[in-house]
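See structure below.
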Amino acid sequence: MYSLTYCLLCCICLSSSLIHTANLFAGDVVDLGSYKTSVAIGKNTIPRRYHPLTALDEKATFNAQMLINNLRSNFSTGVPPLPALDPYTGRNFPAIDLDNKNLPFSGTVVVSRIRITGGKHFRLNHIEIRTKTLRTDFDLTIPQLNANVTFDADVQLGGILPISAKGKLRITVTGIRLRGIVWATETPQSSRNVYSIESLRVGFHANDIKIQLLKSSLRNYELQILSSSSSSPVSTTELTLMIGAIKNSVARE
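Next up, the structure:
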């Protein structure tokens with residue numbers, strides 16, 4: 585869950601544009617529209633699907649469906665070894681590098697905390713477990729996920745305007761579909777078998793993504809625009825004028 589969340593955060597950051605940046609700093613709700621990507625974690629080689637499913641495969645698939653749907657009621661507390669998934673809280677993600685990504689800004693964004701709600705409303709459309717190879721194919725949808733993201737950004741607009749920002753974002757993702765493969769291996773240890781996930785492949789599609797820099801959190805973080813010759817932050821009035829100028833310039837283009 586941690587790795588998937590980090591990959592999706594990277595995708596959202598890299599899908600921004602100049603007009604998104606200007607509107608975002610102005611506190612507007614920015615609509616990124618639909619989005620599609622894929623995530624690959626672990627080994628490249630995955631066992632192929634075999635047909636038909638064996639009787640043991642069908643039994644394992646049925647049991648998995650029952651287990652996953654029963655876990656829904658425990659999403660808020662988690663079931664060891666699984667953590668709580670609704671809300672899900674992740675902390676201290678690796679820095680997201682924005683350099684050389686064909687964006688109008690460069691630098692890094694560090695997400696220190698994210699809290700996601702809405703996961704328990706998922707619908708498991710399809711699942712298949714192949715016990716001979718320990719390959720699982722799944723297809724699920726989630727109506728909506730809401731995330732509050734605490735971040736620390738150190739970027740440059742156009743390579744000339746340094747901006748340091750600490751703040752909170754609200755992200756709303758609707759119409760989510762996840763289709764993927766999980767491959768595991770089995771290792772005997774003492775009197776029991778240990779299963780390890782070797783590979784994860786997930787296709788992600790969202791009908792719409794909206795982000796907003798929370799205005800109410802402006803009092804809780806500092807947004808500084810530094811000149812190239814001074815370390816003194818620009819005043820709030822000057823900052824407002826700069827943001828307005830950026831928005832007007834983008835609108836004309």
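Numbering of the sequence shown is given in my numbering, commencing with residue 585 and proceeding in unit increments. Ideal Cβ placement from N, Cα and C applies to all residues, glycine included.
Please classify Gly674: is it buried, with 16 or more other beta-carbons within 10 angstroms of its beta-carbon, or exposed? buried
Which residue from Gly759, Ile765, Ser775, Leu682 puts its Cα closest to that of Arg707? Gly759
Take Trp767 and list the residues in its own chain whose beta-carbon comes closer than 7 Å to its own, dropping the five residues that flank it on each side. Ile630, Pro631, Leu718, Arg719, Glu782, Ser783
Could you spell out the range, first to last residue, of the beta strand (DSSP E) harbouring Asn653? Boundaries around Asn653 are those of the alpha helix (DSSP H), 639-655, since no beta strand (DSSP E) includes it.
Does DSSP classify Ser622 as helix, strand or coil? strand
How do the stretch 728-736 and the stretch 749-763 stand: do at least 3 beta-carbon pairs fall below 8 Å, yes or no? yes
Exposed or buried, what is Ala639 when buried is set at 16 or more other beta-carbons lying within 10 Å of its beta-carbon? exposed
Rounded distance between the beta-carbons of Ile713 and Ala644, thought under 8 Å: 4 Å
Cβ of Val739 within 8 Å of Cβ of Leu762? no
Which residues does DSSP list as the beta-bridge partners of Val694? Asp736
Output needed for Ala679: all residues of its chain with C-beta closer than 8 Å, excluding positions within five of it in sequence on either side, in chain order. Thr692, Val693, Val694
Can you tell me where the beta strand (DSSP E) with Asn789 in it begins and where it stops? It is worth fixing the name first, because residue 789 is His in this sequence and not Asn. Start and end: 776-797.
Given that a residue counts as buried once 16 or more other Cβ atoms are within 10 Å of its Cβ, and exposed if not, what is Asn647? exposed
Closest to Ile698 by C-alpha separation, out of His635, Phe677, Lys704, would be which residue? Phe677
Can you give, in chain order, each stretch of the beta strand (DSSP E) that sits fully within the stretch 699-732 and has at least 3 residues? 707-714
Taking the C-alpha atoms as reference points, what is the distance between Leu616 and Leu608? 11 Å
So, Thr788 versus Lys620, is the Cβ gap smaller than 8 Å? The sequence given here places Phe at residue 788; Thr does not occur at that position. Yes, these two residues count as a Cβ contact at 8 Å.
Could you spell out the range, first to last residue, of the beta strand (DSSP E) harbouring Tyr672? 672-675
Please classify Leu682: does DSSP put it in a helix, a strand, or coil? coil
For Pro636 and Gly703, I'd like the C-alpha separation in whole angstroms. 32 Å
Between Asn777 and Tyr672, what straight-line distance do the alpha-carbon atoms span, to the nearest angstrom? 29 Å
Rounded to whole angstroms, what is the Cα-Cα separation between Asp871 and Gly611? A question about residue 871 goes unanswered here, because the residues of the chain that appear run from 585 up to 837.
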